[in-house]
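Undergrad:
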Amino acid sequence: MTSSVMTLWDNRNALRLLVRRDLAVKYQQSFLGYLWSLIEPLGVAGIYWFVFGVLYGTQSNRHLGSADNSYPLYLITGIFAWSWANAAMGEATSALTGQARLITTMKVAREVFPIGRVVGRFAEFLAGVPILIILALFFGELHFDWQLLALPLAVLLQTVFLTGLALLLSSLNVLLRDVEKLMRLGLRLLFYATPIIYPLTLVRSSGMPGWVKTAYELNPLVGIMELYHAVWYPDMFPNAQLLGVTAGASVVLLIGGWWVFRRLEPAVLKEL
């Protein structure tokens with residue numbers, strides 16, 4: 005894996021060019037361009053706020069502690085982070101099958117293709133950070149304190165998690181095309197199995213069996229989302245156990261995904 009990382013570093017210029025190309029192609033015929041990376045998650049957040057914050061009362065609001073009136077900030081923070089994860093996982097799955105000719109002709113590390121999708125969607129996520137800061141100022145939840153360190157930690161863990169998953173899914177999808185179809189269902193389930201539109205405290209205080217709650221928190225995105233929310237709500241900073249599970253699972257997934265990618269690379273190239 006060390007040699008693979010060094011090879012990837014040597015191909016960093018190719019990675020940068022692929023990311024720029026993907027972003028240019030994605031928005032080249034769009035009038036609003038990069039603004040769509042903000043409009044879409046804001047629109048989705050608005051729908052969920054109307055359904056769960058207006059129509060179904062304040063069940064989620066009551067579990068935000070002192071932030072009873074800032075459910076929109078909580079919701080938009082999770083939606084922006086999820087948009088990065090959702091797009092990266094969905095696009096990385098077909099990163100190799102959709103660029104077969106380019107992969108077989110370019111002399112670069114093949115890892116740059118799925119990792120490029122993760123980096124490209126991260127660039128879109130960064131565009132939404134100023135929106136979050138403005139909303140935090142509006143709701144009075146922006147505090148220049150230690151809790152701001154939760155943001156780079158969340159970004160780091162999500163990058164590790166998504167990179168490992170991207171390498172794993174992209175290589176498996178070449179040999180088993182059902183992976184792409186399964187991911188569509190998996191992403192829907194993962195969205196509702198992550199504290200994005202509801203707080204984690206709502207799950208912990210529910211009447212579900214203890215083993216279900218334990219299995220729920222094994223999802224690395226649970227701890228990652230809690231870190232994002234902790235930027236505005238310090239009480240939501242994950243405890244040592246949840247943070248350890250999140251970091252450990254993300255690192256294991258990165259190492260496992262990289263190992264599977266390297267092991268399957270000859271078969272993948274032959275199939276492409």
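Just so we're aligned, residue 5 is where the sequence shown starts under our numbering, counting upward by one.
Beta carbons: idealized from backbone N, C-alpha and C, even for Gly.
Grouping DSSP H, G and I as helix and E and B as strand, with all else coil, what is Met110?
TA: It is coil, neither helix nor strand.
Undergrad: Taking its Cβ as the centre, do 16 or more other Cβ atoms sit within 10 Å of Ile138, making it buried, or is it exposed?
TA: Under this definition Ile138 is an exposed residue.
Undergrad: Hey, Val207 and Val272: beta-carbon distance below 8 Å or not?
TA: Taking 8 Å as the Cβ cut-off, Val207 and Val272 do not qualify as a contacting pair.
Undergrad: Three or more C-beta pairs under 8 Å: does that hold for the region 114 to 133 against the region 185 to 201?
TA: Result no; under three Cβ-Cβ pairs closer than 8 Å.
Undergrad: Quick check: the region 45 to 54 against the region 145 to 153, are at least 3 beta-carbon pairs closer than 8 Å?
TA: In short, these stretches do not touch, since the Cβ pair count stays below three.
Undergrad: What are the start and end residues of the alpha helix (DSSP H) that includes Glu275?
TA: Segment 244 to 275, the alpha helix (DSSP H) holding Glu275.
Undergrad: If we call anything under 8 Å between Cβ atoms a contact, is Leu22 one with Gly120?
TA: In this structure, Gly120 lies closer than 8 Å to Leu22 by Cβ.
Undergrad: From Arg188 to Glu95, what distance separates their C-alpha atoms?
TA: Those two C-alpha atoms are separated by around 11 Å.
Undergrad: Along the chain, where does the alpha helix (DSSP H) that runs through Arg121 open and close?
TA: Looking at the DSSP string, the run of the alpha helix (DSSP H) that includes Arg121 is 116 to 143.
Undergrad: Restricting to Cα atoms, I'd like to know which of Ala158, Leu231, Ala89, Trp262 is closest to Arg125.
TA: Arg125 has its Cα closest to that of Ala89, out of Ala158, Leu231, Ala89, Trp262.
Undergrad: So, at 7 Å on beta carbons, what are the nonlocal neighbours of Thr1 in its own chain, with the 5 sequence-adjacent residues on each side left out?
TA: With the chain represented from 5 up to 276, any question about residue 1 goes unanswered, as that position is not in the structure.
Undergrad: Rounded to whole angstroms, how far is the Cβ of Met93 from the Cβ of Leu169, which I believe are closer than 8 Å?
TA: 6 Å between Cβ atoms; contact.
Undergrad: Whose C-alpha, out of Phe241, Glu275, Val122, Val264, is nearest the C-alpha of Thr205?
TA: Cα-wise, what sits closest to Thr205 is Phe241.
Undergrad: So for Leu44, helix, strand or coil by DSSP?
TA: Here the sequence assigns Glu to residue 44, which means Leu is not the residue at that position. Glu44 falls in the helix class under three-state DSSP.
Undergrad: If you follow the alpha helix (DSSP H) that Pro238 is in, where does it begin and where does it stop?
TA: Counting along the chain, Pro238 falls outside any alpha helix (DSSP H), and DSSP gives it neither H nor E.
Undergrad: Beta-carbon within less than 7 Å of Leu247's beta-carbon, same chain only, minus the 5 sequence neighbours each way: which residues are those?
TA: Excluding residues within five positions, the ones whose Cβ falls inside 7 Å are Gly227.
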